[in-house]
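S.K.: Numbering (UniProt numbering), first residue to last: 1 to 158.
Don't be surprised by glycine CBs; every beta carbon is placed ideally from N, CA and C.
(1) Can you check the segment 110-146 for any beta strand (DSSP E) of at least 3 residues that lies completely inside it and give the ranges in chain order?
(2) Out of 154, 150 and 138, point me to the one whose CA is closest to residue 6's CA.
(3) Can you look up residue 56 in the DSSP assignment and give me helix, strand or coil?
(4) Measure the C-alpha to C-alpha separation of residue 69 and residue 156 and round it to an integer number of angstroms.
(5) Could you check which residue in 14, 66, 52 and 12 has the C-alpha nearest to that of residue 138?
(6) Taking Cβ to Cβ, would you say residue 13 is nearer than 8 angstroms to residue 84?
(7) With a cut-off of 8 angstroms, do at least 3 Cβ pairs link the segment 95-103 to the segment 121-137?
(8) Since residue 152 and residue 15 are thought to touch, with beta carbons under 8 angstroms apart, how far apart are those beta carbons, to the nearest angstrom?
(9) Determine the closest residue to residue 130 out of 93, 91 and 74, with distance taken between C-alpha atoms.
(10) In chain order, what residues of the same chain have a beta carbon less than 6 angstroms from the beta carbon of residue 89, not counting five sequence neighbours either side?
(11) Check the DSSP bridge columns for residue 104 and list the partner residues they point to.
(12) Please classify residue 146 as buried or exposed, where buried requires at least 16 neighbouring CB atoms within 10 angstroms.
(13) Determine, using beta carbons only, whether residue 159 and residue 94 come nearer to each other than 8 angstroms.
(14) How long is the line joining the alpha carbons of residue 87 and residue 132, rounded to whole angstroms?
(15) Look up residue 88 in the DSSP assignment and say whether it is helix, strand or coil.
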């Protein structure tokens, strides 16, 4: 298996308090997820403000609030029809609300809602891609990506 780490640059944006009472959808059901977020506009009355560049895994966060993490990446080269590609999120703090690639929410199995997440991406990838992860605080713990985020590439011949 080949791994591509998605470290820096990530953009972290705080959702506005005005949108805090808006339903965010369920990451296990893409049909219930919100419309894709755009940092230059308001979608579903949910605005994102205050973008900042961060490293992932993020060492610590003292800020409470719902955050949108965004990372752009290119489709890996040298892939064939038998190659499988997965998005792997090794850890997060808070509640995982949405995972989307290219403005399409990904279906997350409820059994995966724990310390690690692995989602197939073959049909979602284009030449240029954008990953968005939305996290909310869980009690007094602030939301943050605490583990590695990476693409895992498996050769289909194994």
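M.R.: On the basis of the supplied data:
(1) 117-120 and 128-136
(2) Within the chain shown, numbered from 1, the residue matching residue 6 stands at position 6. Selected option, being the one with the closest Cα: 150.
(3) Locating residue 56 in the chain shown gives position 56, where the first residue counts as 1. Coil at residue 56, not helix or strand.
(4) Reading the chain shown from its first residue, position 69 is the one you call residue 69. Reading the chain shown from its first residue, position 156 is the one you call residue 156. For residue 69 and residue 156, the distance between alpha carbons rounds to 31 angstroms.
(5) Locating residue 138 in the chain shown gives position 138, counting from the first residue. Among 14, 66, 52 and 12, the Cα nearest to that of residue 138 is on 66.
(6) Taking the chain shown and counting its residues from 1, one reaches residue 13 at position 13. Taking the chain shown and counting its residues from 1, one reaches residue 84 at position 84. No; because the gap between Cβ atoms is not below 8 angstroms, this pair is not in contact.
(7) yes
(8) Counted from its first residue, the chain shown places residue 152 at position 152. Counted from its first residue, the chain shown places residue 15 at position 15. Actually they do not touch by this definition, with Cβ atoms about 29 angstroms apart.
(9) Counting from one through the chain shown, the residue named residue 130 turns up at place 130. With distances taken between Cα atoms, residue 130 lies closest to 74.
(10) Locating residue 89 in the chain shown gives position 89, counting from the first residue. Result list for residue 89: 117 and 149, in chain order.
(11) As a position in the chain shown, residue 104 is number 104, starting the count at 1. Paired residues: 101.
(12) Taking the first residue of the chain shown as 1, we reach residue 146 at position 146. Per the 10 Å Cβ criterion, buried.
(13) The structure shown does not extend to residue 159, since the chain is modelled only from 1 through 158, so no value can be given for it.
(14) For the purposes of this step, residue 87 is taken as residue 87 along the chain shown, with counting starting at 1. For the purposes of this step, residue 132 is taken as residue 132 along the chain shown, with counting starting at 1. Approximately 12 angstroms between the Cα atoms of the pair.
(15) For the purposes of this step, residue 88 is identified with residue 88 of the chain shown, where counting begins at 1. Strand.
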